[in-house]
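Quick notes on the structure that follows.
Shown next, in the form of structure tokens:
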């Protein structure tokens, strides 16, 4: 594959809205080049920037220098970082200690740089990022991301969501997900380099921050978020300004929530299917369709149980997936759930994700999750458990409602009522913490 430019966008185009100012592509390139000159000859970067524009500059500078950026993790507990690892930060007093070791720290300087810089050509096979799985279901694993594959993925997403120059006016992205997560990295670091849009740099985690950020950017506004954040935003009395679209990922989105977004915000609710190992692969309009349509150029080969699903990713090749997929015709597929989450009881099979959706639809349930015991496959008497957040409801009431919705074999034998589930900032649930909540040994 031939090399791809860091960005082929016009230097005069706006790439970021920050503190009320518009930052151009040319200004961004000058700042990234200046930071790259300060970095060591060799190494790998841990990008801890909380300002999204600083994170973009940091990623570009490391790539410019030939260094990969670690996404999601710096190393396992007790594991020393690889030689040459350094931290890029926008904090005034950065924590330079990772995994018990002191790492070199480079602070991202966002002062304007007054010079003209040409975007470099990056070899397609250069490893631009190393993404780690969350580790919520086991030990985190590393996945190498070549630059050429990331560029092709950004181009496919830009085509799917109408973010190319020929698709209309520029877009403004506001995101509730961090740029260090694969979903946030693809949408808010890679897309601004290869699509006609500008990111919002500031914090946008709490509802008031998100709504303020949307008010601060020009249309065409797109919100990049998760089901966890959507639930909180929909509960607000304050409504966002006109949105061109809302995009969600990281966890299954219920049809009820998708319909609520379209009804109350008058914006299409779109959902991305992806995985850390393969990146974003498909999308759907969740209030109107159950099936997924792969991005152009991506081929998904459905599999189940002992025959894993495969994704043919341009620039990356075949990637085994941990999800069970079912082909439904016209190139579309249905997501059956993670293979590890498929359970068989009483001669019937179900996905824990589907059971969780049924639980979430019970009136009064704010949050909840089903959990399969470790000995489910070898113990005929084993049954599922459930952990539920439902203020004002009793366990008996929740079980009664589930009896009307589920096969008897899938009713939880143990149902724990709790004040909150231990979700992280993306809404993911660590299995070890859940097992401890139902008094099961980790």
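Residue numbers (my numbering): 5 to 446.
Glycine included, C-beta positions come from ideal geometry on N, C-alpha and C.
These numbers were taken from a predicted model, which means no experiment stands behind them.
{"query": "Residue 20 and residue 231: beta carbons closer than 9 Å?", "result": "no"}
{"query": "Assuming residue 68 contacts residue 37 under a Cβ cut-off of 8 Å, what Cβ separation, rounded to an integer in Å, is found between them?", "result": "7 Å"}
{"query": "Please specify which runs of the alpha helix (DSSP H), each continuous and at least 4 residues long, are wholly inside the region 170-229, giving them in chain order.", "result": "186-189, 195-198, 211-220"}
{"query": "For residue 268, which three-state DSSP category applies?", "result": "helix"}
{"query": "Classify residue 46 as buried or exposed, calling it buried when 16 or more other Cβ atoms lie within 10 Å of its own Cβ.", "result": "exposed"}
{"query": "Where residue 16 and residue 33 are concerned, what is the direct C-alpha to C-alpha distance, given to the nearest angstrom?", "result": "11 Å"}
{"query": "Whole angstroms is fine: what's the gap from residue 332's alpha carbon to residue 297's?", "result": "10 Å"}
{"query": "What is the rounded straight-line gap between the Cα of residue 264 and the Cα of residue 238?", "result": "8 Å"}
{"query": "Among the candidates 163, 404, 368, 421, whose CA atom is the shortest distance from the CA of residue 299?", "result": "163"}
{"query": "Just the C-alpha distance for residue 58 and residue 72, rounded to the nearest angstrom, thanks.", "result": "16 Å"}
{"query": "Which first and last residues belong to the beta strand (DSSP E) in which residue 136 is found?", "result": "131-136"}
{"query": "Provide the residue(s) that pair with residue 273 in DSSP beta bridges, ordered along the chain.", "result": "250"}
{"query": "Which of the three DSSP states, helix, strand or coil, is assigned to residue 103?", "result": "Low per-residue confidence applies at residue 103: pLDDT is 45, beneath 50, and the placement is therefore not dependable, though the value from the model is reported in the following sentence. The answer is coil: DSSP assigns residue 103 none of H, G, I, E or B."}
{"query": "Assign residue 24 to one of two classes, buried (16 or more other C-beta atoms within 10 Å of its C-beta) or exposed (fewer than that).", "result": "exposed"}
{"query": "Can you pull the DSSP bridge partners for residue 51?", "result": "92"}
{"query": "Using the three-state DSSP reduction, which class does residue 71 fall into: helix, strand or coil?", "result": "coil"}
{"query": "Within 10 Å of its beta-carbon, does residue 184 have 16 or more other beta-carbons around it, so buried, or fewer, so exposed?", "result": "buried"}
{"query": "Just list the residues that DSSP pairs residue 109 with in beta bridges.", "result": "91"}
{"query": "Using 8 Å as the Cβ pair cut-off and three pairs as the minimum, do the region 49-66 and the region 187-195 touch?", "result": "yes"}
{"query": "I need the straight-line Cα distance from residue 81 to residue 134, nearest angstrom please.", "result": "Only weak support is given to the placement of residue 81: the predicted model assigns it a pLDDT of 40, under 50, and the question is left unresolved by the model."}
{"query": "Quick check: the Cα distance between residue 254 and residue 226, rounded to an integer number of angstroms?", "result": "17 Å"}
{"query": "Assuming the contact rule is C-beta atoms closer than 8 Å, residue 177 and residue 228 should be a hit. Round their C-beta distance to whole Å, please.", "result": "6 Å"}
{"query": "For residue 414, which residues of its own chain have a beta-carbon under 7 Å away from its beta-carbon, when the five flanking residues on both sides are left out?", "result": "349, 354, 359, 388"}
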